[in-house]
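Chains as they are written, first to last, in the working numbering: chain A, 1 to 204; chain B, 1001 to 1204.
C-beta atoms are modelled at their ideal positions from N, C-alpha and C, and glycine is treated no differently.
What follows is a single structure, written as structure tokens, with notes after it.
There are 2 protein chains.
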Amino acid sequence: MERNLKRMATMQRMQVTGLELFYKKGYYNTSIDDILKSLSLSKGAFYYHFESKEGFFISIIQNLIQQKVYSMLIEPIEGQENPLNIIADCYENALETAEHNELDYGFLLSNFITEFNGRNAEIMRYLKDILSLWEINLISTLQKGKTDGYINRHVDCEAVATYLISSYMGIRTLMVEGNCKLLRYKYIQQLKGYFKTLSEKQLA
Amino acid sequence: MERNLKRMATMQRMQVTGLELFYKKGYYNTSIDDILKSLSLSKGAFYYHFESKEGFFISIIQNLIQQKVYSMLIEPIEGQENPLNIIADCYENALETAEHNELDYGFLLSNFITEFNGRNAEIMRYLKDILSLWEINLISTLQKGKTDGYINRHVDCEAVATYLISSYMGIRTLMVEGNCKLLRYKYIQQLKGYFKTLSEKQLA
DNA sequence: ATATTTACAAACTCATCAGTTTGTTTTCTA
DNA sequence: TAGAAAACAAACTGATGAGTTTGTAAATAT
């Protein structure tokens, strides 16, 4: 019993450190040795727990990235109030987190999609699945917003979801350089302006 | 005289093929040998013309990427008409190009910024400069739109420029997977809706 | 025509990396 | 408490990659 716990602990240590380094230096530019060195572990330990570098990364997607995207970007959006307000708050919150250099999992997703596109179809599948999950949830939240009278009935919810995800990824790419705080402010300001066009009671 | 011409031709062949492969497989995941093999050239040829892989890539930025971003995304925006319409057309045009898998240099920029962020400060500087050029041009075009009475005077042009660049990068990231044509349609549709909030004569 | 520079080719160096093998210690089990 | 399985460590393998060295044919200069 105790053994299984230790096993899980070691695996998770590797995954957490692995994700950190993959994020900082990129997957292809990070060696297994880099990860092991920063943990004072050996190759033997790694290949005892994981079958390959690719398998290791897939386990990171499933155990860390997917969960975090869900808890930071998907789950907070569900609610009874005006979805446009909730989404704006959620985005602002996520971008503020990103500002303090903590891991932003929405950005991670976009980062890795960029890195693996055309290079590893297997890993791309897993990443795209998370993206789809996010998209589907946005769409249904927006549609509920229609039913509840917050969003104009002529709005194309799928298009809005696409636009929301793309602009989020884009602003995060921009935030890697320059004044994050200012960028976040500008972005949220424009986002809210955009949301007004979707609102049921459009301003005159 | 003839010699210099040959020199330039060879260098350009390397740069064009290099960019193509760097784009497809990523910088760190593409070896000099990959490029040389597809050109039937040798290491000697490469290191005769370029001092290093990094120097080679910087020359690609300066000779190919910068020029193309300018000619595809910056220069077409200058004009006397309503800048919002021109920008929408320019974006639609660029996204249509991207759909047919031709090189989209705006996307290239965002791609490489993602890849080099935190990994190569030198190259990042060059990439960020191009981004700034784009941004500055967008801002001044939008401001001219104010003067000419196309854009509402309360609009924050810098914020709009940020929003425009970020959403473009984001939508291109999304377009690497799934239905490009549909994505483009949705995106342009929402963009135009957003533009209405910036317009001088707001719809009732 | 000869000497020299240019524009490469080919083979090599040295570091790194994913994955293997073998050996050792710790922990659980019977 | 012996033995077996688990959880590693350490050294190795084979491939690849950036950059170097050496050699050579053709173009150019003198």
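Does the CB of residue i have a neighbour CB from chain A at under 8 Å?
| i | result |
| --- | --- |
| B:THR1017 | no |
| B:ASN1082 | no |
| B:MET1072 | no |
| B:ASN1111 | yes |
| B:VAL1176 | yes |
| B:GLU1122 | no |
| B:LEU1183 | yes |
| B:ASP1156 | yes |
| B:ALA1159 | yes |
| B:THR1097 | no |
| B:THR1147 | no |
| B:TYR1126 | no |
| B:MET1008 | no |
| B:ILE1130 | no |
| B:GLU1020 | no |
| B:LYS1025 | yes |
| B:LYS1037 | no |
| B:GLU1115 | yes |
Indicate whether residue i and residue j have their beta-carbon atoms separated by less than 8 Å.
| i | j | result |
| --- | --- | --- |
| B:GLY1145 | B:ILE1139 | no |
| B:LEU1108 | B:TYR1023 | yes |
| A:GLU115 | B:GLY1026 | yes |
| A:SER199 | A:LEU84 | yes |
| B:LEU1183 | B:LEU1174 | yes |
| B:TYR1028 | A:ASN137 | no |
| A:GLU81 | A:ILE188 | no |
| A:THR162 | B:LYS1181 | no |
| A:CYS217 | A:LEU64 | Residue 217 of chain A lies beyond the range of chain A shown here (1 to 204); nothing can be said about it. |
| B:MET1011 | A:GLY170 | no |
Who are the Cβ neighbours of residue i in its own chain at under 7 Å, not counting the five residues just before and after it?
| i | result |
| --- | --- |
| B:ILE989 | The structure shown does not extend to residue 989 of chain B, since chain B is modelled only from 1001 to 1204, so the question has no answer here. |
| A:PHE195 | LEU84, ALA88 |
| B:VAL1160 | LEU1142, LEU1198 |
| A:ASN117 | MET124 |
| A:ASP34 | LEU21 |
Residues bridged to residue i by DSSP?
| i | result |
| --- | --- |
| A:ILE151 | A:SER199 |
Within its chain, find whatever has a CB closer than 8 Å to the CB of residue i; leave out the 5 residues flanking it on each side and keep chain order.
| i | result |
| --- | --- |
| B:SER1172 | In the sequence as displayed, the identity of residue 1172 of chain B is Arg instead of Ser. So the list reads LEU1095, ALA1098, ASP1104, GLY1106, PHE1107, SER1110, once near-sequence residues are dropped. |
| B:ILE1060 | GLN1015, GLY1018, LEU1019, PHE1022 |
| B:SER1038 | THR1017, LEU1021 |
| A:ARG7 | HIS49 |
| B:ILE1165 | LEU1131, TRP1134, GLU1135, LEU1138 |
| B:ILE1077 | PRO1083, ILE1086, ILE1087, CYS1090, ASN1137, LEU1138, THR1141 |
| A:GLN62 | TYR126 |
| B:ILE1113 | MET1124, LEU1127, LYS1128, LEU1131 |
| A:GLU54 | ASN120, GLU122, ILE123 |
Mind checking if residue i is an interface residue toward chain B, Cβ cutoff 8 Å exclusive?
| i | result |
| --- | --- |
| A:LEU103 | no |
| A:GLY79 | no |
| A:GLN143 | no |
| A:ALA88 | no |
| A:LYS68 | no |
| A:GLY106 | no |
| A:ASN137 | no |
| A:ARG119 | yes |
| A:ASN63 | no |
| A:GLY55 | no |
| A:GLY193 | yes |
| A:GLY170 | yes |
| A:GLU200 | no |
| A:ILE165 | yes |
| A:TYR91 | no |
| A:TYR150 | no |
| A:LYS186 | yes |
| A:LYS196 | yes |
| A:ASN29 | yes |
Sorted by chain position, which residues of the same chain lie with C-beta nearer than 6 Å to residue i's C-beta, five sequence neighbours on each side aside?
| i | result |
| --- | --- |
| B:GLY1066 | According to the sequence shown, residue 1066 of chain B is Gln rather than Gly. Counting only Cβ-Cβ distances below 6 Å, and skipping sequence neighbours, we find ILE1130. |
| A:ALA204 | Because A:ALA204 sits at a pLDDT of 37, beneath the cut-off of 50, its placement in the model cannot be relied upon, and the following sentence gives the value as read from the coordinates. None. |
| B:SER1071 | none |
Could you give the uninterrupted runs of the alpha helix (DSSP H) lying entirely in the segment 1001-1049 of chain B, keeping only those of 4 residues or more? 1002-1025, 1032-1039, 1043-1049
Segments of 3+ residues assigned as beta strand (DSSP E) that fall wholly inside the segment 68-135 of chain A: none
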